[in-house]
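Worksheet: one structure, shown below.
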Amino acid sequence: HDSNIRTTGASSRGLDATEGGKITADNINIGTAGIRSAALATEPSGASVTVSKSTINTSGEGSPLIYSKGSIKVSEAKGTAGASEIAVVEGNNAIHLEYVDLSGNGTHGVMLYQNKSRDNGADGKGLGRFSAKGSALRSLKEGPLFYVTNTAARIYSEMTTMQYLGGTLIRVEANQFGDAGSNGGDLTFMANNQGLYGNVSADGSSTIMMDLQNGSHWSGAINTDNSAKKIDVNLDASSSWSLTADCHVDGFTDGTTALTNLKGNGHTLFYNSSNAANAWLGGKTYELQGGGYLKPNK
């Protein structure tokens, strides 16, 4: 409590809980300078760190503000990673943020991944989890704000400001991690009273479910090159989507069957007419507000 922490060596983290250990801290000012020196970390699984009302900064490469192989909760904090991501979740672990203002200078803003062979957990439902509520996430280097590879993941966002360069909100794909052929990503992204902008993409081994709830709005495009393994989008009746390019989805569900919350802007949303989730569309083509169409794939 009420303390300053400074480290300068390589692999010198600020607060690091391991082997089931638990750390609780408030009003802490952390600064690390070495490579692989996250301000907050847990490793291996089973450990937890809870931090509030603090300032966290890193300047070394491979040094995100938060690196979790356990559970990390941060509230009312601010800080900048000078040469790395804002936050990284490895494996079936979690980071939860509330009322923070965090910036990063990494290849991605927030990354969820598994380093070795993909582990889906004993119940087959293993997930990397990341949530942000009432916060600001700022990625200062061009690249996707959210990046998922070689893992199943769930991202939850509520009333959070998102700033990033390059126009890619989410990218899910196979990368150098894991075993070729089974190292894609599977992401469920839930937006709750959340504004979103930018493009969402996945490669041929990856899936994305975009779920917009409780007054969320998204201005952007998804799967524009029709290369993803599977893409689903759900809008509840209070949420909306404004297309910025032609898009391709497997399943599209909407709490407003009149489609008044889907704006085409001259673009077309193609859906899979053989998908049972799209039975309500009857395989038909619909004109969208602002021009464009909702129509079945050829």
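With my numbering applied, the sequence shown corresponds to residues 11 to 308, in that order.
Note that the Cβ used here is the ideal one computed from N, Cα and C, for glycine as well.
| Asked | Found |
| --- | --- |
| Residue 178 versus residue 157: straight-line alpha-carbon distance, rounded | 10 angstroms |
| Beta-carbon proximity of residue 198 to residue 153, cut-off 8 angstroms | no |
| Segment contact flag, the stretch 127 to 135 with the stretch 86 to 95, C-beta cutoff 8 angstroms, min 3 pairs | no |
| The stretch 28 to 41 in contact with the stretch 53 to 65 per 3-pair CB rule at 8 angstroms | yes |
| Beta-carbon spacing of residue 49, residue 66 below 8 angstroms | yes |
| Close-in-space but distant-in-sequence residues of the same chain around residue 26 (CB under 6 angstroms, 5 per side omitted) | 51 |
| Status (buried if at least 16 other CB within 10 Å, exposed otherwise) for residue 273 | buried |
| Buried versus exposed, by CB contacts within 10 Å (16 or more), residue 290 | exposed |
| Residue range of the beta strand (DSSP E) that includes residue 210 | 209 to 212 |
| For residue 151, the nearest candidate out of 137, 187, 159, 120 (CA to CA) | 120 |
| Within the stretch 141 to 205, ranges of the beta strand (DSSP E) (whole runs, at least 3 residues) | 146 to 149, 156 to 159, 162 to 168, 171 to 173, 178 to 182, 196 to 202 |
| 8 angstroms Cβ shell around residue 213 - same chain, five flanking residues per side excluded | 182, 183, 184, 194, 237, 238, 239 |
| Residue 248 versus residue 141 - alpha carbon distance | 21 angstroms |
| Residues bridged to residue 217 [DSSP beta-bridge criterion] | 196, 240 |
| DSSP-derived helix/strand/coil call for residue 14 | strand |
| Supposed contact pair residue 45 and residue 71 - C-beta distance, whole angstroms, cut 8 angstroms | 5 angstroms |
| CA-to-CA distance, residue 11 to residue 86, given in whole angstroms | 15 angstroms |
| Residue 188 and residue 208 closer than 8 angstroms at C-beta | no |
| Enclosing beta strand (DSSP E) for residue 60 [first to last residue] | 58 to 62 |
| Local Cβ density within 10 Å of residue 159, reported as buried at 16 or more and exposed below that | buried |
| N-terminal and C-terminal residue of the beta strand (DSSP E) that residue 100 is part of | 97 to 100 |
| Beta-carbon proximity of residue 316 to residue 79, cut-off 8 angstroms | Because the chain here runs from 11 to 308, residue 316 falls outside it and cannot be looked at. |
| DSSP-derived helix/strand/coil call for residue 67 | strand |
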